[in-house]
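S.K.: Residue 222 in UniProt numbering is what sits at position 189 of the sequence shown, and the numbering runs on without skipping anything. In this text, a Cβ means the ideal position worked out from N, Cα and C, and glycines have one as well.
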Amino acid sequence: WSQTAQKVDGELHVGGLSLPDLVANVNTPAYVLDEADFRSRARAFRDAFAAYDVFYAGKAFLCTAVAGWVQEEGLNLDVCSNGELTVALRAGFDPARIGYHGNNKSLMELRRAVSVGVGRIIVDSFDEIERLASIAGEGLAARVMVRVTAGVEAHTHEYIATAHEDQKFGFSITNGQAFEAVRRVLAAPNLELLGLHSHIGSQIFDSSGFEVAARRVLALHARISDELGVTLPEMDLGGGFGIAYTTQDDPADPAQLATEMSKIVEHECRALGIPEPRLSIEPGRAIVGPAMCTVYTVGTVKEVQLDGGAVRTYVSVDGGMSDNIRTALYDADYSATLASRASAAPPVLSRVVGKHCEAGDIVVKDEFLPGDVRPGDLVAVPGTGAYCRSMASNYNHALRPPVVAVRDGVARVVVRRETEDDLLATDMGDQ
Ligand code: LLP
């Protein structure tokens, strides 16, 4: 839960507002974004990593309001698509403080990024280096980081682990491609190499993966210094810091992370005899994840007999996999709570499901909700700030929900609910 969330007589309050009151104005489903919580998590990273650069990973969630908060709190921004760059620029984000990711950036996308003055491009393939060099040949200089594959098995879901060899991101250190990529960037006029970049995966709790990655990346820094005579000034260790989705998880603490990372970098650099590069990191989930919850209205309640005689209550809400695909896609765990009233009814094993046309449309796999949950009740799901609205879809022609920012008892719609006109806007008919 975000830090301002609390129950008052059974009604959930966030940012000083009661969710039932909020919903009376904005309807459901809706994402509720606790601005104070977002800002304080952003500040916690900025302060803990004061000697470093923190890039907020916009892929977790980005809109112009949030880009503004990120800039006000003194963080930089990581974008990974032309669309995210557009939102950032629309928000007036300083392009010099933007890092641009992606494993398949087109010539046009690169030209745009470089010409608007994006601060760093994280290159991910030889094709991209060639494209960038040709743009630089047009007189547009670019600052570059080379994304490397550190060969780390991060303990997270297969789809979101990115540092093992057999996946699409980065240049392998092991097979020499990373070194070759560095050589080619250094050889290209107008490309300035800032350093190496490694991102090992997402929703990671164990710092040993970062440690191994830092060691391997720094070893490559040392080789580059030995063989090419170039000292790389920076190193980026990516994002991926885990958050608690249920009470079972133990979230990362930015201050502790910063201390651990600094120690590793200092120790390794001393051992390798190279100067310490300036470190940067890219947290997304750890900043926005806990800051948002989704509020739904219950539509139907059904009891289902399980093998062995137990009963599970299926609570259907007015959203589902179109506003939170993470349960279906990554088997993610979430929790839920009755948000609109107090209940003394004994808790029963419940599953919160959506209204889409498939059985995998599950929002919360297992939760004990009061046994008297009924149509019209509000149910809130915490921790939906990261990769929920940003991965939302129009499946079944669902209208994507709004994002409502709350702060000091005031609500502002920062992303409005889609309308049927939005849905039909791209449908050209049979002309
Ligand atoms: N930097 C890079 C290069 C990344 O690829 C990512 C995430 C991040 C930073 C931010 O990671 P975070 O701190 O948010 O974990 N859709 C998946 C997560 C995909 C992550 C992709 N890259 C999910 O819902 O779990």
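(1) Grab me the residues of Glu117's own chain with a C-beta within less than 8 Å of its C-beta, minus the 5 sequence neighbours each way, in chain order.
(2) Thinking C-alpha only, which one of Gly150, Phe238, Leu253 and Ser355 is nearest Arg216?
(3) Across the segment 259-274 and the segment 51-62, are there enough close Cβ pairs to call them in contact, namely three or more that are closer than 8 Å?
(4) What are the complete alpha helix (DSSP H) segments, minimum 4 residues, inside the segment 90-134?
(5) For Pro316, verify whether its CB is less than 7 Å away from any heavy atom of the ligand LLP.
(6) Distance, Cα to Cα, Ala221 vs Ala124?
(7) Quick check: Arg450 and Pro435, are their CB atoms within less than 8 Å of each other?
(8) Any heavy atom of the ligand LLP closer than 7 Å to the CB of Arg359?
(9) Report the residue from Leu229, Val218, Gly228 and Ala183 whose alpha carbon sits nearest the alpha carbon of Asn208.
(10) Could you tell me how far apart the beta carbons of Val396 and Val350 are, in whole angstroms, since I believe they sit closer than 8 Å?
(11) Thinking just about the alpha-carbon of each residue, which of Asp54, Asp42, Gly43 and Val41 is nearest to the one in Val439?
(12) Among the residues of its own chain, which have a CB less than 7 Å from the CB of Glu400, if the five just before and after it don't count?
(13) Go ahead and pull the three-state DSSP assignment for Met461.
(14) Sort out for me which residues DSSP pairs Thr370 with in a bridge.
(15) Report the start-end ranges of each alpha helix (DSSP H) in the segment 312-399 that is 4 residues or longer and not cut off at the edges.
(16) By DSSP, does Tyr64 sit in helix, in strand, or in coil?
(17) Any idea what DSSP makes of Ser241, helix, strand or coil?
(18) Tell me whether Gly234 sits in a helix, a strand or coil according to DSSP, three-state version.
(19) Based on the DSSP secondary-structure assignment, which residues constitute the bridge partners of Pro403?
(20) May I have the straight-line CA-CA distance separating Ser235 from Phe274, to the nearest angstrom?
(21) Who are the near neighbours of Leu227 in its chain, counting only those whose CB is closer than 8 Å to its CB and skipping five residues on each side?
(22) Cα-Cα, which of Gln338, Cys390 and His230 is closest to Ile314?
(23) Apart from the five residues on each side of it in sequence, which residues of its chain come closer than 7 Å, Cβ to Cβ, to Pro310?
(24) May I have the straight-line CA-CA distance separating Val147 from Asn223, to the nearest angstrom?
(25) Quick check: is any heavy atom of the ligand LLP less than 7 Å from the C-beta of Asp366?
(26) Let me make sure I understand the geometry here. Which of Ala63, Ala81 and Ser35 has the alpha-carbon closest to that of residue 6?
(27) In the DSSP assignment, the alpha helix (DSSP H) including Leu54 goes from what residue to what residue?
(28) Arg433 by DSSP, collapsed to three states: which one?
(29) Residues bridged to Met268 by DSSP?
(30) Mind checking whether Gln36 and His46 have CB atoms under 8 Å apart?
(31) Below 7 Å, is the gap between the Cβ of Gly273 and the nearest heavy atom of the ligand LLP?
(32) What residues match up with Thr182 in a beta bridge as DSSP calls it?
(33) Can you grab the Cα-Cα spacing for the pair Leu143 / Ser376, in whole Å?
(34) For Ala98 versus Val447, is the C-beta distance shorter than 8 Å?
M.R.: Per the coordinate set shown:
(1) Within the same chain, Gly91, Lys92 and Leu95 come within 8 Å of Glu117 by CB-CB distance, once the 5 residues on both sides are set aside.
(2) Here the closest residue by C-alpha is Leu253.
(3) As far as the Cβ criterion goes, the segment 259-274 does not touch the segment 51-62, which means the pair count is below three.
(4) 97-105 and 115-123
(5) yes
(6) Cα-Cα distance, rounded: 33 Å.
(7) Yes; because the gap between Cβ atoms is below 8 Å, this pair is in contact.
(8) yes
(9) Measuring from the Cα of Asn208, the nearest candidate turns out to be Ala183.
(10) With 8 Å as the limit, Val396 and Val350 qualify as a contact, their Cβ atoms being about 7 Å apart.
(11) Asp54
(12) Ser368, Ala369, Ser383 and Val385
(13) coil
(14) Ala413
(15) 318-321 and 359-363
(16) Under the three-state reduction of DSSP, Tyr64 is assigned to strand.
(17) helix
(18) strand
(19) Pro380
(20) Here the alpha carbons of Phe274 and Ser235 stand approximately 7 Å from one another.
(21) Arg153, Arg176, Val177, Met178, Leu265, Pro266 and Glu267
(22) His230
(23) Gly228, His254, Leu265, Pro266, Glu267 and Met268
(24) 11 Å
(25) no
(26) As displayed, the chain neither begins before 34 nor continues past 464, which places residue 6 out of reach and without an answer.
(27) In the sequence as displayed, the identity of residue 54 is Asp instead of Leu. Run containing Asp54: Leu52 to Val59, per the alpha helix (DSSP H) assignment.
(28) If DSSP states are grouped into helix, strand and coil, Arg433 belongs with coil.
(29) Leu229 and Leu312
(30) no
(31) yes
(32) In the DSSP output, where bridge partners are listed per residue, Thr182 has Ser205.
(33) 56 Å
(34) yes
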